[in-house]
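Heads up, the working numbering is the position in the sequence shown plus 11, with the first residue counted as 1.
The structure under discussion appears below in the form of structure tokens.
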Amino acid sequence: MNPTTIASALLVLAAIVWVAIRQTRWTALDPARALRAPLILGAVGVFQLVGSGASTALNAADIALLVIELALGAGVGVAIGLLAHVRPITEEALRAHAASRRSGDPAPTLEARNGVVGLVLWLALIAVRIGLGFWAGSWGAQIAESAGMILIVLAVNRLVRYGVIVARSTRLPVARA
């Protein structure tokens with residue numbers, strides 16, 4: 012293993028641990044913060060793909076696996092979003108969130124968490140994604156073996172999850188700020 016591979020693996024592991032911890036904690040539904048993480052994960056994933064050279068020689072297997080992985084990530088995001096618990100934000104959470112909120116931004120009124128079932132689904136997505144990466148090597152699909160692809164799948168998953176939670180939250184009887 013070269014230093015770049017080790018750094019990529021550590022980056023992916025750090026992202027997985029960070030998101031896994033956040034899965035089971037109540038988090039304010041703040042659009043700016045909720046979109047920031049998927050955008051950063053996706054950008055780092057694209058940077059990793061381009062930097063690894065895996066994106067320069069795409070073949071049919073690469074494209075097929077890319078579509079399968081993105082669809083799988085989005086599908087699990089829908090499931091997790093539907094399973095997520097949503098409630099009015101607590102005073103304690105509102106105070107904690109206020110410290111990191113920019114002045115002028117509206118205060119969130121809801122918070123959400125995925126719980127253990129959401130975490131298990133998310134970890135299963137990671138396991139399937141890693142398995143597909145190993146299996147893809149026998150097909151000659153280079154892009155699926157890239158650490159950047161894992162980050163892109165996670166970004167799509169988080170983005171879709173947030174969209175489902177927001178869609179669900181608009182039906183909740185909570186006063187909007």
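Don't be surprised by glycine CBs; every beta carbon is placed ideally from N, CA and C.
- The beta carbon of Val164 sits closer than 6 Å to the beta carbons of Glu80, Gly84 and Arg140 from its chain, once the five residues preceding and following it are set aside; these are given in chain order.
- Going by beta carbons, Val61 and Ile161 fall outside the 9 Å limit.
- With three or more CB-CB distances shorter than 8 Å, the stretch 31-49 counts as touching the stretch 166-185.
- Secondary structure at Leu121: strand, using DSSP grouped into helix, strand and coil.
- With a 10 Å radius around the Cβ and a threshold of 16 neighbouring Cβ atoms, Val127 comes out exposed.
- The three-state secondary structure of Ala107, taken from DSSP, is helix.
- For Arg98, the uninterrupted beta strand (DSSP E) segment begins and ends at His96 to Pro99.
- Gly151 counts as exposed, since fewer than 16 other beta carbons sit within 10 angstroms of its beta carbon.
- In the three-state reduction of the DSSP assignment, Thr16 falls in the helix class, which pools H, G and I.
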